[in-house]
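Asker: If you scroll down you'll find the structure; I have some questions about it.
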Amino acid sequence: MAQEARMAVSRTRPIPYGGYHVNSIPDHDPQLTETGPGTPMGEYMRRFWHPVCMSEELTDVPRYLRILGEDLVAFRDKSGRVGVLHLHCAHRGASLEYGMIQQRGIMCCYHGFVFDVDGTCLEVPFPPGEEREGDKARRTIWQGAYKAREEHGLVFAYMGPPGDEPPFPIWEGDYTVHTDDELVPYSNHQTCNWMQVQDNSVDQYHHIPLHTTALVPGHEQGTTFTEAGAAPYLIRPDLQFFPVDDGRTMAWTSSRRFDENKIFIRVNHQILPNVSFHSYLFEDGSKRKHFSRVHMHRWSVPVDDHNSKMIGWRVFGPHIDTRDVGKRHLVGFEKMDFLEGQCGMRRPERLQYGQGELPPVYKDHRERPAYHEAQHAPGDYEAVCSQRRIAVHALESPMKFDQGVYLFRKMLRDALNGQNPAASADGIKTWLESCGGRPKSYCSGNILLVPQASTPESEVKARRGIAADVIKATIESNSLSGDERDAFMQARLSEIEQRYG
Ligand code: FES
Ligand SMILES: [Fe+2]
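In our numbering, the protein residues as written are 1 to 501.
So this is what it looks like as structure tokens:
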């Protein structure tokens, strides 16, 4: 009877005090959220390079990692090569996090087997006189290993079938970073599934409730966009989403009328399966600006189905941080310098951990010292990690401004279901090969000199037209590179200003 009463209820028809009718929780969405070995998303993810840790996590002892539900160990051997191996020794399972780093490879602490960075067994110690037997034995045993490489302070691994890896993407050949600018690595643990971290990358609509209030006396500067002086972010954006690159990536615009003469068109870019590019975070809207590039390059990497890492680079330097307000010393492992609440730690300077150690990573959003403070001044970490360890998509109530979340999920499903071969792992590999591993980003920040239209209706029409024209121009600019592309965009954005002026 109770079951029948539940079934008869529609979630879209409000029932006062009707909690009883909606108290059963459906399962999460396994297709998008589960990434362990053998799962559809897990197999898809394993066909891409992912950052797995920061270079600074590789010290004189091996580093335990969990990525895509696999227990791993990462280390840099004494000849400088990086290894990412399965955690448990192929002999009898001791963890290689207790291994000894060698000139070449790593030695298991238990019986002294030595494994190279590619998993080859280099040595099985046998008693004196039986060395030949040891040599024979080492040829029959090997440790699971993944290809690794380091880029700008991050360690990347390819965890798929050997030989199928795509080119490592170096966006535009220089990550869109000017020679005077610098990529600064960071890694922020999230106690939730990767998909909701990725969802948050495209969620540009949460800024006012989440990033403009801070009730904790004496809280850090930068807790809110108001304090960061990023006034345009205090205006609700008009969002438009554009699948581009044949459905492999999605560009989206957030358009805001900043003052009667200026309109802020922010273009962010998201790439299947888990990459996002974000333009300038501290924009104050004070000056005309055309085609400012990437300020944050980020991956949402599954640790397992209940944890993930927001890991990537912040860009520092005069060409992107035009206000010079970024705080480099606050960007790193479990640290981020903007909008407190990017990671569970919140204020890194208050953390207790030993000299030379990395800060601890908390296992749940309620079980950390900053919990009560976070209730007064929540940030992205609190909003995203509290959507349950794995958000239940079946319980969501989508709004128009959530469109990008659902579009990107659809692009992922199409890739997994074979409905968009261009976005399959092979399709993306082919695309990366065709551009020599140098794909183009759509990401840009633009303050355009366009006067406010005379009526609300014509203003809405104009801002949507401007945003669509910016995307159109960016698509056209994709055949160009570097200064040539920049000059093309400067000219096209000036034309747009004239057209709507
Ligand atoms: S368990 Fe590693 S060498 Fe024996
Ligand atoms: Fe946010």
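The beta-carbon is built from N, C-alpha and C at its ideal position, and this holds for glycine as well.
Quick check: is any heavy atom of ligand 1 less than 7 Å from the C-beta of Cys-108?
Answerer: It does: the Cβ of Cys-108 is within 7 Å (strictly closer) of some heavy atom of ligand 1.
Asker: Mind listing which residues have their beta carbon within less than 6 Å of any non-hydrogen atom of ligand 2? Chain order is fine.
Answerer: Cβ atoms closer than 6 Å to ligand 2 belong to His-206, Leu-210, His-211 and Asp-380.
Asker: Rounded to whole angstroms, what is the Cα-Cα separation between Asp-118 and Ala-74?
Answerer: Cα to Cα, the separation comes out at about 12 Å.
Asker: For a test of the three-state rule: what should DSSP assign to Cys-385, helix, strand or coil?
Answerer: Cys-385: helix per DSSP, three-state reduction.
Asker: Taking 8 Å as the cut-off, decide whether the C-beta atoms of Gly-312 and Met-336 are in contact.
Answerer: No, Cβ-Cβ distance for Gly-312 and Met-336 is not below 8 Å.
Asker: Where does Pro-127 land, buried or exposed, given buried means 16+ other C-beta within 10 angstroms?
Answerer: Per the 10 Å Cβ criterion, exposed.
Asker: Can you say whether Pro-398 is buried or exposed, counting buried as having 16 or more other CB atoms within 10 angstroms of its CB?
Answerer: Burial call: exposed.
Asker: By DSSP, does Arg-562 sit in helix, in strand, or in coil?
Answerer: In this structure the chain extends from 1 to 501, so residue 562 is not present and cannot be described.
Asker: Give a single yes or no on whether Arg-139 has its beta carbon closer than 7 Å to a heavy atom of ligand 1.
Answerer: Result no, Cβ not under 7 Å from ligand 1.
Asker: With DSSP as the reference, label Tyr-500 as helix, strand or coil.
Answerer: Here Tyr-500 sits in helix by DSSP.
Asker: Between His-306, Glu-70, Arg-46 and Tyr-98, which lies nearest to Gln-387 when the distance is taken from Cα to Cα?
Answerer: Ranking His-306, Glu-70, Arg-46 and Tyr-98 by Cα distance to Gln-387 puts His-306 first.
Asker: Decide yes or no for the touch test of the region 168-184 against the region 147-157: beta carbon pairs closer than 8 Å, at least 3 of them.
Answerer: Counting Cβ pairs under 8 Å, three or more are found: they touch.
Asker: Is the CB-CB distance between Gly-512 and Leu-68 below 8 Å?
Answerer: Examination of residue 512 is not possible in this model, given that the chain is present from 1 through 501 alone.
Asker: Among Arg-464, Gln-204, Phe-168 and Val-361, which has the Cα closest to the Cα of Cys-435?
Answerer: Among Arg-464, Gln-204, Phe-168 and Val-361, the Cα nearest to that of Cys-435 is on Phe-168.
Asker: Pick out whichever of Gly-247, Val-177 and Gly-285 has its Cα sitting closest to the Cα of Asp-483.
Answerer: Checked all of Gly-247, Val-177 and Gly-285; the closest Cα to Asp-483 is Val-177.
Asker: Which residue comes first and which comes last in the beta strand (DSSP E) that contains Asp-304?
Answerer: Element bounds for Asp-304: 294-304.
Asker: Quick check on the DSSP output: what are the complete beta strand (DSSP E) runs of length 3 or more inside the region 3-73, in order along the chain?
Answerer: 49-54 and 63-67, all fully within the region 3-73.
Asker: Alpha carbon to alpha carbon, how far is Arg-256 from Ala-90?
Answerer: If you take the alpha carbons of Arg-256 and Ala-90, they lie about 57 Å apart.
Asker: Taking the straight line between their C-alpha atoms, what separation do you get for Ala-228 and Asp-321?
Answerer: Looking at the two C-alpha atoms, the distance is approximately 12 Å.
Asker: How is the beta strand (DSSP E) around Pro-243 delimited, first residue to last?
Answerer: Where Pro-243 is concerned, the enclosing beta strand (DSSP E) stretches over 238-244.
Asker: Within the same chain, show all residues whose beta-carbon is closer than 6 Å to that of Ala-370, passing over the 5 residues directly before and after it, in chain order.
Answerer: For Ala-370, where only same-chain residues beyond five positions count, the Cβ hits under 6 Å are Arg-346.
Asker: Mark Ala-377 as exposed unless 16 or more other C-beta atoms lie within 10 angstroms of its C-beta, in which case mark it buried.
Answerer: So Ala-377 ends up on the buried side.
Asker: Can you check which of these residues, Tyr-98, Arg-492 and Met-489, is closest to Thr-59 by C-alpha distance?
Answerer: The residue with the shortest Cα to Cα distance from Thr-59 is Tyr-98.
Asker: Using the C-alpha atoms, what's the distance from Leu-330 back to Pro-243?
Answerer: Computed Cα separation, rounded: 34 Å.
Asker: Would you mind listing the beta strand (DSSP E) stretches within the region 143-186 that are 3+ residues and don't spill past its ends, in chain order?
Answerer: The qualifying runs are 145-151 and 154-158.
Asker: Which two residues bound the contiguous alpha helix (DSSP H) that contains Gln-196?
Answerer: Gln-196 -> alpha helix (DSSP H) spans 194-202.
Asker: Extract the residue ranges of the beta strand (DSSP E) inside the region 84-118, only unbroken runs of 3 or more that lie entirely within it.
Answerer: Those beta strand (DSSP E) runs which fall completely within the region 84-118 and span 3+ residues do not exist here.
Asker: Grab the span of the beta strand (DSSP E) containing Ile-271 for me, first residue to last.
Answerer: Unbroken beta strand (DSSP E) run through Ile-271: 262-271.
Asker: Say yes only if the C-beta of Phe-113 is nearer than 7 Å to one or more non-hydrogen atoms of ligand 1, and no if none qualify.
Answerer: True, at least one ligand heavy atom lies under 7 Å from that Cβ.
Asker: In the structure shown, what three-state DSSP assignment does Ser-494 receive?
Answerer: Of the three classes helix, strand and coil, the one that applies to Ser-494 here is helix, per DSSP.
Asker: Whose CA, out of Ser-308, Ala-453 and Trp-431, lies closest to the CA of Ala-390?
Answerer: It is Ile, not Ala, that sits at residue 390 in the sequence shown. Closest by alpha carbon: Ser-308.
Asker: Any idea what DSSP makes of Ser-441, helix, strand or coil?
Answerer: In this structure, Ser-441 counts as coil in the three-state DSSP scheme.
Asker: Quick one: what's got a C-beta closer than 7 Å to Arg-81's C-beta in the same chain, skipping five residues either side?
Answerer: Taken in chain order, the residues that qualify are Val-117.
Asker: Could you give the distance in angstroms between the alpha-carbon of Gln-452 and the alpha-carbon of Ile-496?
Answerer: Using only the alpha carbons, I get a separation of about 14 Å.
Asker: Have a look at Arg-499, Glu-334 and Phe-316 and flag the residue whose alpha-carbon is nearest the alpha-carbon of Thr-179.
Answerer: Thr-179 has its Cα closest to that of Phe-316, out of Arg-499, Glu-334 and Phe-316.
Asker: Just to confirm, does His-91 get its C-beta within under 7 Å of one of the non-hydrogen atoms of ligand 1?
Answerer: His-91: yes, Cβ under 7 Å from ligand 1.
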